[in-house]
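Chemist: Okay, here's the structure, questions in a sec.
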Amino acid sequence: MVEILSVHIPKTAGTAFWRVLTQVYNADDIYHDMGAKSCEPTDSFLQKITVIHTHYSLKKYQGYFPNAKKIVWLR
2 MVEILSVHIP KTAGTAFWRV LTQVYNADDI YHDMGAKSCE PTDSFLQKIT VIHTHYSLKK
62 YQGYFPNAKK IVWLR
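Numbers given in the numbering used here equal positions in the sequence shown, counted from 1, plus 1.
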C-alpha cells in the first residue's frame with residue numbers, strides 16, 4: 002500500500018530526500034518513477050510499494066492512492 006507520494010522538482014533536494022527514504026524504508030518498498038522506468042498507476046506491482054518518488058505531476062496518481070501522504074519539493 003502506497004503511504005507516500007513524493008514529487009521531486011529538479012534541483013530542490015529531491016535526491017537528498019531519496020537517500021533519506023532509502024534509510025527509512027526497504028529499497029524494495031520504494032519505486033523511483035523516473036524517465037524510461039516510468040510505470041502506470043494501475044501496474045499491479047505498485048500494490049506492494051510503500052513510497053513512490055517521482056518527477057511527474059501528482060495528477061498522474063490522482064485517484065489511485067487516496068490515503069497516501071503527498072510531499073512536493075519546490076524551490
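A virtual CB, placed ideally from N, CA and C, is assigned to each residue, including glycine.
Small disclaimer: the values here were computed from a predicted structure and weren't measured.
Output the distance between the C-alpha atoms of residue 48 and residue 2, rounded to the nearest integer angstrom.
Modeler: As a working mapping, residue 48 is identified with position 47 in the sequence shown. As a working mapping, residue 2 is identified with position 1 in the sequence shown. Near 5 Å, if we compare the C-alpha coordinates of residue 2 and residue 48.
Chemist: Once DSSP output is grouped into helix, strand and coil, what is the label at residue 32?
Modeler: As a working note, residue 32 is residue 31 in the sequence shown. In this structure, residue 32 counts as strand in the three-state DSSP scheme.
Chemist: Buried or exposed, going by whether 16 or more other CB atoms sit within 10 Å of the CB of residue 16?
Modeler: The count along the sequence shown starts at 1 and reaches residue 16 at position 15. Classification for residue 16: exposed.
Chemist: Starting from the C-beta of residue 26, find all residues in its chain whose C-beta is less than 7 Å away, skip the five residues before and the five after it, and write them out in chain order.
Modeler: Stepping through the sequence shown from its first residue, residue 26 is reached at position 25. Excluding positions up to five away in sequence, the list reads 51, 52.
Chemist: DSSP three-state call for residue 3: helix, strand or coil?
Modeler: Walking along the sequence shown from the start, residue 3 turns up at place 2. In the structure shown, residue 3 falls within a coil segment according to DSSP collapsed to helix, strand and coil.
Chemist: Which partner residues of residue 70 appear in the DSSP bridge assignment?
Modeler: Working through the sequence shown from its first residue, we reach residue 70 at position 69. Residue 70 pairs with 5.
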